[in-house]
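Each protein sequence line maps, in turn, to chains A and B.
Heads up: the first sequence at position 24 corresponds to 24 in my numbering, and the numbers run straight through without jumps.
Heads up: the second sequence at position 113 corresponds to 113 in my numbering, and the numbers run straight through without jumps.
From the three backbone atoms N, C-alpha and C, an ideal C-beta is built for every residue, glycine too.
Number of protein chains: 2
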Amino acid sequence: MTGLGWSQGSAPVRRRGPELERAILDAALEQLGAGGWSSVTMEGVAAGARTGKAALYRRWSSKADLVAEALCEGLPELGGIADHGSVREDLYRLCARMRDVMHSPAGEALRAVLHECDHAHADRFREVIWKGLHEPAHRLIRELVDRGIERGDVRPDATSPMVIEVIPAMLMYRTKVCGSEWPDSEIAEMIDGLVVPMLRV
Amino acid sequence: MTGLGWSQGSAPVRRRGPELERAILDAALEQLGAGGWSSVTMEGVAAGARTGKAALYRRWSSKADLVAEALCEGLPELGGIADHGSVREDLYRLCARMRDVMHSPAGEALRAVLHECDHAHADRFREVIWKGLHEPAHRLIRELVDRGIERGDVRPDATSPMVIEVIPAMLMYRTKVCGSEWPDSEIAEMIDGLVVPMLRV
């Protein structure tokens, strides 16, 4: 697609499937960011993506479906963590990365939606956070802890599933209960004050 | 008050201030337990306590005020934890006690209300959990950790405020995310698999 279509005012633009889909999801995220859950309408998103409502309903049967996919697609990937030579450094980087995902535009929108929508929808958006952030984080923490056991700076019996959950649990608790934004200093305090002591040989 | 009043069908009963107040709060908790937040009405609670609506409005200006006080008063106290000779045993008892408070009738009602009411009210009921459970738990954990430092089974530098938060964070995370009911075995797994290693000298 060229930029041409976008210079023709608000006339509908002919685009192929994935391209049109991307434009719709972007428009949904933009509306969400601007006015929150209650401001998003299928009409408004269609207008923002310069297409018709029918194009939306062919893909998503409700606003909740559309918003859930927009958020899911918009959330940055956690990615991998290179070996920094110590479990302390590896886990520190991972925590900073988790924080950055939650502070990305889609992450902020997700938290705002959770605070605004009703309980039936909230469960669905929590699922997006779970699949997009917590599940990959659990896998990655396990990997970094195993790497530490092999390297020798983690005790070999740090294998309880709960060991993996301490980091996401603390991130959730302080965010919810203390409204923490997790500055680097606080991440370092958590890693050095409790995670490393918990894992040390 | 004698039991007599209650045997006179649904006629109003004359009671003094604290006694009437207790009857109203009990009636509110009972309605909450039976039908949830949406089923509670000032009329219904007045009828349940066999008094008039005016007696309620003299004390609480809204249903949310009344329910918040009923929950706050109904939540069992965390109490103290005797010295069991090791930080492991002390913290294990504390966690079981925290779980029991949340599984008490008022604790269950509180969680149900949180899930049912809107966000404005939810913040208020979260405050009840915070003041009734988390704040006293933080104080108590600090006390047990300090006791361990004196006793010698806790490292002297386990003084980060975050050390105190690991237990409530894990209780909240597993309850919310995995729907855990915290059986004794899971409490033991948390204490032995991560809290004791984190605190050991």
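### Message
Please return the same chain residues whose Cβ sits closer than 6 angstroms to the Cβ of GLY80/B, not counting the five positions on each side in sequence.
### Response
Taking the second sequence and counting its residues from 1, the one referred to as residue 80/B is at position 80. None.
#### Entry: Under 8 angstroms by beta carbon: chain B residues contacting HIS115/A
Here residue 115/A corresponds to residue number 115 of the first sequence, with the count starting at 1. HIS119, listed in chain order.
### Query
If the cut is a Cβ gap below 7 angstroms, which residues of chain A does LEU91/B touch?
In the second sequence, residue 91/B corresponds to position 91, counting from 1. Contact annotation for LEU91/B against chain A: no contact, minimum CB-CB distance about 14 angstroms [criterion: below 7 angstroms].
#### Entry: Cβ-Cβ separation, HIS84/B to ARG93/B (assumed contact under 8 angstroms), whole Å
Looking up residue 93/B in the second sequence gives position 93. Looking up residue 84/B in the second sequence gives position 84. So it is a contact: roughly 7 angstroms between Cβ atoms.
### Task
State buried or exposed for ASP184/A, treating a residue as buried only when at least 16 other CB atoms are found within 10 Å of its CB.
For the purposes of this step, residue 184/A is identified with residue 184 of the first sequence, where counting begins at 1. Classification of ASP184/A: exposed, given that the 10 Å Cβ count is below 16.
### Task
For the region 146–167 of chain B, enumerate the residues whose C-beta is nearer than 8 angstroms to any C-beta of chain A, in chain order.
Residues of the region 146–167 of chain B with a C-beta less than 8 angstroms from any C-beta of chain A: ARG155, ALA158, SER160, MET162, VAL163, GLU165 and VAL166, listed in chain order.
### Query
If you check the beta carbons only, do TRP37/B and CYS117/B fall under 7 angstroms apart?
The residue you call residue 37/B lines up with position 37 of the second sequence. The residue you call residue 117/B lines up with position 117 of the second sequence. The Cβ atoms of TRP37/B and CYS117/B lie closer than 7 angstroms to each other.
### Task
Compute the Euclidean distance between the alpha carbons of VAL45/A and SER104/A, then round it to the nearest angstrom.
In the first sequence, counting from the first residue as 1, residue 45/A sits at position 45. In the first sequence, counting from the first residue as 1, residue 104/A sits at position 104. Distance between the alpha carbons of VAL45/A and SER104/A: 21 angstroms.
### Message
Looking only at its chain, what residues have a beta carbon closer than 7 angstroms to the beta carbon of PRO76/A, apart from the 5 residues adjacent to it on each side?
### Response
On the first sequence, position 76 is the one that residue 76/A refers to. The residues are VAL101 and SER104.
### Query
What do you get for PRO168/A, buried or exposed, if any count of 16 or more other CB atoms within 10 angstroms of its CB means buried?
Indexing the first sequence from 1 puts residue 168/A at position 168. The residue in question, PRO168/A, is buried, as its Cβ has 16 or more Cβ neighbours within 10 Å.
### Query
Going by the beta-carbon positions, is the gap between ILE141/B and ILE164/B smaller than 7 angstroms?
To locate residue 141/B, count along the second sequence from 1; it is residue 141. To locate residue 164/B, count along the second sequence from 1; it is residue 164. Cβ distance < 7 angstroms, so ILE141/B and ILE164/B count as in contact.
### Task
Please work out which residues of its chain come closer than 6 angstroms, Cβ to Cβ, to ALA106/B, disregarding the five sequence neighbours upstream and downstream, and give them in chain order.
Here the question's residue 106/B lines up with position 106 in the second sequence. Its chain contains LEU71, GLY74 and LEU75 as the residues whose beta carbon lies nearer than 6 angstroms to that of ALA106/B, once the 5 sequence neighbours on both sides are disregarded; these appear in chain order.
### Task
Can you tell me which of VAL113/B, GLY52/B, ALA23/B and ALA54/B puts its alpha carbon nearest to the alpha carbon of SER39/B?
Counting from 1 along the second sequence, the entry for residue 39/B is found at position 39. Among VAL113/B, GLY52/B, ALA23/B and ALA54/B, the Cα nearest to that of SER39/B belongs to VAL113/B.
### Message
What does the alpha-carbon distance come out to for the pair THR175/A and MET198/B?
### Response
Along the first sequence, read from residue 1 onward, the residue named residue 175/A stands at position 175. Along the second sequence, read from residue 1 onward, the residue named residue 198/B stands at position 198. Taking the straight line joining both Cα atoms gives about 22 angstroms.
### Message
I need the boundaries of the alpha helix (DSSP H) containing SER187/B, first residue and last residue.
### Response
The count along the second sequence starts at 1 and reaches residue 187/B at position 187. It is Ile, not Ser, that sits at residue 187/B in the sequence shown. 184–190 is the span of the alpha helix (DSSP H), which, as asked, contains ILE187/B.
### For CYS283/A, three-class secondary structure by DSSP
Since the first residue shown for chain A is 1 and the last is 201, residue 283/A is missing from the structure and cannot be characterised.
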